[in-house]
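Protein chains in written order, with my numbering: chain H, 3 to 182; chain U, 712 to 825. Every residue, glycine too, gets a C-beta built ideally from N, C-alpha and C. Keep in mind the model is a prediction, meaning the values are calculated, not measured. Here is the structure we will look at, set down as structure tokens.
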Amino acid sequence: MVTVATFGWAGGGARLDDVLSIDRSIIDAIVAHVRRDHPDEACGVVAGPVGSDTPTRHIPMENAARSMTFYEFDSMEHLRVWRELDDRDEEPIVIYHSHTATEAYPSRTDISFAGEPGAHYLLVSTREPDAEEIRSYRIVDGAVTEEPVRIVDAAVDPNAVQSYMFGQSPATVDYECSDR
Amino acid sequence: MAIEVRIPTILRSYTGGAKVVEGAGDTLADLLADLDSRHAGLRGRLVTDAGVLHRFVNVYVNDEDVRFLGALDAKLNDGDSITILPAVAGGAFGFAAAAAIASHTVATRAAAAR
Numbered sequence: 003m004v005t006v007a008t009f010g011w012a013g014g015g016a017r018l019d020d021v022l023s024i025d026r027s028i029i030d031a032i033v034a035h036v037r038r039d040h041p042d043e044a045c046g047v048v049a050g051p052v053g054s055d056t057p058t059r060h061i062p063m064e065n066a067a068r069s070m071t072f073y074e075f076d077s078m079e080h081l082r083v084w085r086e087l088d089d090r091d092e093e094p095i096v097i098y099h100s101h102t103a104t105e106a107y108p109s110r111t112d113i114s115f116a117g118e119p120g121a122h123y124l125l126v127s128t129r130e131p132d133a134e135e136i137r138s139y140r141i142v143d144g145a146v147t148e149e150p151v152r153i154v155d156a157a158v159d160p161n162a163v164q165s166y167m168f169g170q171s172p173a174t175v176d177y178e179c180s181d182r
Numbered sequence: 712m713a714i715e716v717r718i719p720t721i722l723r724s725y726t727g728g729a730k731v732v733e734g735a736g737d738t739l740a741d742l743l744a745d746l747d748s749r750h751a752g753l754r755g756r757l758v759t760d761a762g763v764l765h766r767f768v769n770v771y772v773n774d775e776d777v778r779f780l781g782a783l784d785a786k787l788n789d790g791d792s793i794t795i796l797p798a799v800a801g802g803a804f805g806f807a808a809a810a811a812i813a814s815h816t817v818a819t820r821a822a823a824a825r
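Next up, the structure:
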């Protein structure tokens, strides 16, 4: 069913939860980061306790590619942050990046490189200057499954959410494309 | 001679779920061959058919990116700690173009490090 080139990455398993619950303050920090780096793509992680599926600690990462159409964690920063997660009994709950001129949907590049089957892949589109499109996906073995994003903040004014557009479709999306 | 190797989640299907395994070898290539003898298929996820490290796999010897230590020829010593991490990368760009840019980036960085 799925034939996107995945650089040999496969296996692992998605979590059972099919929703990303995330605190509003973290979404705000992510949006601030991707806006700051626009028109380059921005990327980062939200860590949380192992097994909790709860993102609690926002870690903006450097985009070593410094590109409007590509992102890559700096390899040394990646090592340092992943070790820190280990030391703190945390794991990457959310891996996010921005698309600065296209929709917040995983590109074939995103799908090919997705190497953390347990993570929520959060995409933020900054193509509109006054609103962000924020969507979340599971990417496992080249298969993309969109999931709802639930903002967790009882105190928040619901009107404040209007600057963000959360879209999702329930279906699993399968890509087919030729190999490299 | 024992070298500790930290395995990322996505490759633990090859190690029976183990997060850390041990191996031996004078170079990274030797170590991966040794690991593959007990964890069949692991090497094939890290090394291309052309016999080089996959571009989007990061391998570290202690605190160094192995690309700056000679890649598969990197010399290893007893007590070294190897960490394998799948690169976190992507973006809106088309696949072929992204791969071309990324390989250029790494070549540039490797040159700068010399």
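Which residues does DSSP list as the beta-bridge partners of V48/H?
Paired residues: H60/H and V96/H.
Do I95/H and D55/H have their CB atoms nearer than 8 Å?
Judged by beta-carbon spacing, D55/H lies within the 8 Å limit of I95/H, meaning their Cβ atoms are closer than that value.
Under 7 Å, CB to CB, which of the residues in the region 724–742 of chain U have a partner in chain H?
Flagged, chain order: S724.
With 8 Å set as the bound, which would you pick, yes or no: does the beta-carbon of S54/H sit closer than that to a beta-carbon of chain U?
Not an interface residue.
Sort T128/H, D112/H and S77/H by Cα distance to H35/H and report the nearest one.
Among T128/H, D112/H and S77/H, the Cα nearest to that of H35/H belongs to T128/H.
Would DSSP call A826/U helix, strand or coil?
This structure does not reach residue 826/U, given that chain U is present from 712 up to 825, and the question cannot be answered.
Do the region 789–804 of chain U and the region 714–721 of chain U meet, that is, are 3 or more Cβ pairs less than 8 Å apart?
Between the region 789–804 of chain U and the region 714–721 of chain U, the count of Cβ pairs shorter than 8 Å is three or higher; the stretches touch.
Please say whether V768/U and F75/H have beta carbons closer to each other than 8 Å?
Between F75/H and V768/U, the CB-CB gap reaches or exceeds 8 Å.
Is DSSP giving A31/H helix, strand or coil here?
Of the three classes helix, strand and coil, the one that applies to A31/H here is helix, per DSSP.
Helix, strand or coil at L787/U [DSSP, three-state]:
Judged by DSSP in its simplified three-state form, L787/U adopts coil rather than helix or strand.
Here's a check: name, in chain order, each residue in its chain whose Cβ is nearer than 6 Å to the Cβ of H60/H, leaving out the five neighbours to either side.
Excluding sequence neighbours, H60/H sits near I28, A31 and V48.
Mind listing which residues of the region 785–800 of chain U have their C-beta closer than 8 Å to chain H's C-betas, in chain order?
From the region 785–800 of chain U, only T794, L796, P797, A798, V799 and A800 have a Cβ closer than 8 Å to chain H.
Starting from L81/H, find everything on chain U with Cβ-Cβ shorter than 8 Å and list it in chain order.
Near L81/H (Cβ distances below 8 Å), the residues of chain U are N769, Y771, D774, D776, T794 and L796.
For chain U, find out if any of its Cβ atoms is closer than 8 Å to the Cβ of H101/H; answer yes or no.
At least one CB of chain U lies nearer than 8 Å to the CB of H101/H.
Flag G802/U as yes if its beta-carbon sits less than 8 Å from any beta-carbon of chain H, otherwise no.
Interface residue (Cβ-Cβ distance to chain H less than 8 Å): G802/U is classified as such.
When we look at the beta-carbon of S180/H and count the other beta-carbons within 10 Å, is it buried (16 or more) or exposed?
The pLDDT assigned to S180/H is 40, lower than 50, so where the model puts this residue is not dependable; a value taken from the coordinates is nonetheless given after this. That one is exposed.
From the beta carbon of I97/H, is the nearest beta carbon of chain U less than 8 Å away?
Chain U contact via Cβ: present.
C-beta atoms of L764/U and A782/U nearer than 8 Å:
Between L764/U and A782/U, the C-beta spacing is below 8 Å.
Going by beta-carbon coordinates alone, are A44/H and S100/H separated by less than 8 Å?
Contact flag set, yes.
Just to confirm before moving on: does the CB-CB distance between G46/H and T720/U stay below 8 Å?
Their beta carbons are not under 8 Å apart, which means G46/H does not touch T720/U by this criterion.
Out of A145/H, D88/H and R26/H, which has the shortest C-alpha to C-alpha gap to K730/U?
Checking every option, the nearest Cα to that of K730/U belongs to D88/H.
Beta-carbon spacing of A145/H, L125/H below 8 Å
No, Cβ-Cβ distance for A145/H and L125/H is not below 8 Å.
Provide the residue(s) that pair with G801/U in DSSP beta bridges, ordered along the chain.
Paired residue(s): Y73/H.
Residues of chain H with CB under 9 Å from I714/U, in chain order?
Those within 9 Å of I714/U in chain H number zero; the least Cβ separation is about 17 Å.
Can you confirm whether I718/U, when its beta carbon is compared against all beta carbons of chain H, has any partner nearer than 8 Å?
No - not a single Cβ of chain H is within 8 Å of the one on I718/U.
Leaving aside the five residues before and after R17/H along the sequence, list all residues of the same chain whose C-beta is less than 7 Å from its C-beta, in chain order.
Only weak support is given to the placement of R17/H: the predicted model assigns it a pLDDT of 47, under 50, and the question is left unresolved by the model.
What are the boundary residues of the alpha helix (DSSP H) that R717/U is part of?
Not the alpha helix (DSSP H): R717/U falls in the beta strand (DSSP E), residues I714 to R717.
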